[in-house]
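From first to last, the protein sequence lines stand for chains A and B. Yeah, the first sequence ends on 93 if you go by UniProt numbering, and it's all consecutive. Yeah, the second sequence ends on 327 if you go by UniProt numbering, and it's all consecutive.
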Amino acid sequence: MTTTPLWEVFIRPRNGLSHKHVGSIHAADEVMAVQAARDVYTRRGEGTSIWVVRSADIVASDPDQAGENFEPTADKIYRHPTFYEIPEDVGHM
Amino acid sequence: MYSQGLIGADGRTAETPEFLEAFQRRVDAEEKIEPNDPMPEGYRRTLVRQIGQHAHSEIVGMLPEGNWITRAPSLRRKAALLAKVQDEGGHGLYLYSAAETLGVSREQMTEELHSGKAKYSSIFNYPTLTWADIGIIGWLVDGAAIMNQIPLCRCSFGPYARAMIRVCKEESFHQRQGYEIVMTLAQGTPEQKAMAQDALNRWWWPSIMMFGPHDADSQHSDQSMAWKIKRFTNDELRQKFIDATVPQAEYLDLKIPDPDLKWNEEKGGFDHGTIDWDEFWRVVKGHGPMARDRVKDRKVAWDNGAWVREAALAHAEKRRTRKMAAE
Chain A
1 MTTTPLWEVF
11 IRPRNGLSHK
21 HVGSIHAADE
31 VMAVQAARDV
41 YTRRGEGTSI
51 WVVRSADIVA
61 SDPDQAGENF
71 EPTADKIYRH
81 PTFYEIPEDV
91 GHM
Chain B
1 MYSQGLIGAD
11 GRTAETPEFL
21 EAFQRRVDAE
31 EKIEPNDPMP
41 EGYRRTLVRQ
51 IGQHAHSEIV
61 GMLPEGNWIT
71 RAPSLRRKAA
81 LLAKVQDEGG
91 HGLYLYSAAE
101 TLGVSREQMT
111 EELHSGKAKY
121 SSIFNYPTLT
131 WADIGIIGWL
141 VDGAAIMNQI
151 PLCRCSFGPY
161 ARAMIRVCKE
171 ESFHQRQGYE
181 IVMTLAQGTP
191 EQKAMAQDAL
201 NRWWWPSIMM
211 FGPHDADSQH
221 SDQSMAWKIK
231 RFTNDELRQK
241 FIDATVPQAE
251 YLDLKIPDPD
261 LKWNEEKGGF
271 DHGTIDWDEF
281 WRVVKGHGPM
291 ARDRVKDRKV
301 AWDNGAWVRE
311 AALAHAEKRR
321 TRKMAAE
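Right, here's the structure in full:
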């Protein structure tokens with residue numbers, strides 16, 4: 001059986017917001033993918049713009065590397081404003 | 001929109017106790033599990049089967065209602081029914097896409113539906129004999145589905161939970177349009193009211209069977225509850241549904257066809273009569289009045305659509321080669 005390619009669908013809910021992943025869709029090409037995404041994911045005014053990208057073209061970080069990739073940020077508390085003590089008299093900063 | 005107690009899942013798994021405990025801790029901490037996370041094979045298999053059954057139910061669920069689109073009594077009703085059936089198709093696709101994140105393909109799931117290996121909600125193996133059935137389906141069948149689905153929005157598996165949030169948002173229109181149809185009939189001529197009552201008589205018991213076997217007889221509930229795939233037991237959900245629905249029937253002056261139905265002050269809910277589980281299992285096993293037609297219709301649709309899928313792929317290929325030649 002020939003498999004119809006899988007596409008990931010991203011929708012911009014309204015101008016001013018970024019496109020957000022909403023799910024996926026099967027379609028033979030990019031034109032039909034946009035049409036199908038419109039029918040499946042925007043039946044009630046969910047969006048003003050659609051992006052589709054072939055699922056096979058997405059490059060993702062390796063879930064097995066999640067520790068090495070993302071945990072080091074947890075101990076770098078000096079990257080957050082609350083790390084620094086500013087006297088109250090100085091006011092809002 | 002439709003789900004029922006999971007039929008035939010097998011939650012067994014063969015991982016080390018340490019792995020299973022670590023996984024359970026994540027679930028207990030209400031952490032969502034995402035597709036690439038390590039998960040017990042039993043968890044994955046249970047979800048593939050449950051989401052697959054759920055998706056098939058949406059797709060097969062289009063058939064009994066589609067039966068009445070051309071015969072809807074007004075343009076308003078026809079437009080609403082078309083939109084509802086289109087929603088069911090959409091819900092099926094959200095769910096197939098959630099199941100596909102677990103490494104099963106939509107083609108494979110479709111084949112399993114057609115071969116009878118995969119189940120779908122047995123409620124669709126009952127026929128839609130009159131227009132009143134369309135109202136009753138929206139009111140009761142979608143109502144029961146909503147009871148099942150709201151807790152699924154908090155399911156531990158991220159893609160399923162996200163799909164269910166979309167589904168639930170759309171589902172409330174379905175129930176309201178159904179209730180409005182039944183209300184119009186119930187407040188109409190005596191013949192119309194009788195038609196509504198007849199449909200209620202036929203759909204009431206199958207609707208409360210949608211929640212699946214009693215807790216004591218439900219083999220898969222415990223593991224699914226522990227994994228937070230399920231949040232309430234079959235009987236808890238059934239009770240909520242009955243308590244919500246009885247006053248709605250009273251408002252319409254329609255009678256729930258259960259002589260044993262009565263308010264139980266102590267538990268603060270209704271007691272109901274004995275459910276005919278023989279009928280339930282007969283229908284689950286494919287002996288429902290419409291079972292053969294439903295799967296046959298899906299196969300015919302799939303086979304008749306084969307040339308469209310092939311043509312679409314050939315067209316895409318042609319465009320791709322032309323574009324490459326031009327570059």
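Cβ coordinates follow ideal geometry from the N, Cα and C atoms, glycine included. It should be emphasised that the depicted structure is a prediction, and the values quoted were computed from it without experimental measurement.
Item to complete: Could you tell me whether any Cβ in chain A is nearer than 8 Å to the Cβ of B:Asp142?
Response: no
### Message
DSSP has A:Asp57 in a bridge; who is on the other side?
### Response
Paired residues: none, contrary to the question.
Can you tell me which of the three DSSP states B:Lys240 falls into?
-> helix
Compare the C-beta of B:Arg282 against all C-beta atoms of chain A and say whether one is closer than 8 Å.
-> no
* To do: Give the C-beta separation of B:Asn304 and B:Pro257 to the nearest angstrom, bearing in mind that I take them to be a contact with Cβ-Cβ under 8 Å.
  => Rounded, the Cβ-Cβ distance is 39 Å, inconsistent with contact.
Where residue 374 of chain B and B:Thr245 are concerned, what is the direct C-alpha to C-alpha distance, given to the nearest angstrom?
What the structure shows of chain B is the stretch from 1 to 327, and residue 374 of chain B is not part of that stretch, so it cannot be assessed.
Going by DSSP, name the residue or residues bridged to A:Gly23.
A:Val9
My output table needs one value for B:Ile33: the three-state DSSP class, helix, strand or coil. Per DSSP, reduced to three states, the secondary structure at B:Ile33 is strand.
Task: B:Ala79 at chain A interface by Cβ criterion, 8 Å - done: no
B:Val300 - DSSP class collapsed to helix/strand/coil:
Correct three-state label for B:Val300: helix.
Run through the stretch 53-119 of chain B for me and flag every whole alpha helix (DSSP H) of 4 or more residues, listed as ranges in chain order. Complete alpha helix (DSSP H) runs here, min 4: 75-100 and 106-115.
| task | Measure from the C-beta of B:Ser115 to each C-beta in chain A and report whether the shortest distance is under 8 Å. | result | Look at B:Ser115: its C-beta is not under 8 Å from any C-beta on chain A.
State yes or no: is the C-beta of B:Val60 within less than 8 Å of the C-beta of B:Arg282? no
Q | Cutoff 8 Å: B:Ala312 Cβ touching any chain A Cβ | A | yes
**Asked** Which residues share a DSSP beta bridge with A:Val52?
**Response** DSSP lists A:Val9 as partners of A:Val52.
**Item:** Which of helix, strand or coil DSSP assigns to B:Trp227
**Value:** coil
Q.
Taking only three categories from DSSP, how would you classify B:Lys193?
A. DSSP, reduced to helix, strand and coil, places B:Lys193 within a helical segment of the structure shown.
Cβ-based contacts, 9 Å cut-off: residues of the stretch 19-40 of chain A near chain B
Val22, Gly23, Ser24, Ile25, His26, Ala27, Ala28, Asp29, Glu30, Val31, Met32, Ala36, Asp39 and Val40
request  = Could you tell me which chain B residues have their CB closer than 9 Å to the CB of A:Arg43, listed as they occur along the chain?
outcome  = Ala83, Gln86, Asp87, Gly90 and Glu170
Which chain B residues sit within Cβ distance under 8 Å of A:Thr4?
Chain-order list of chain B residues neighbouring A:Thr4: Arg309, Ala312 and Leu313, by C-beta distance under 8 Å.
Check your understanding: Closer than 8 Å, CB to CB, is B:Glu191 near chain A or not?
Key -> no
Nearest to B:Ile146 by CA position, among B:Leu261, B:Ser224, B:Arg25 and B:Glu58, is which residue? Minimum Cα distance to B:Ile146 is reached at B:Glu58.
Burial state of B:Asp253 (16 or more Cβ within 10 Å) = exposed
| Using a beta-carbon distance below 8 Å, is A:Met1 in contact with chain B? | Note on A:Met1: pLDDT 49, under 50, position unreliable in the model; no value is reported.
For B:Asp87 and B:Ile69, I'd like the C-alpha separation in whole angstroms. 14 Å
Residues near B:Gln177 by beta carbon distance below 6 Å, same chain, minus five either side
Ala80 and Gly138
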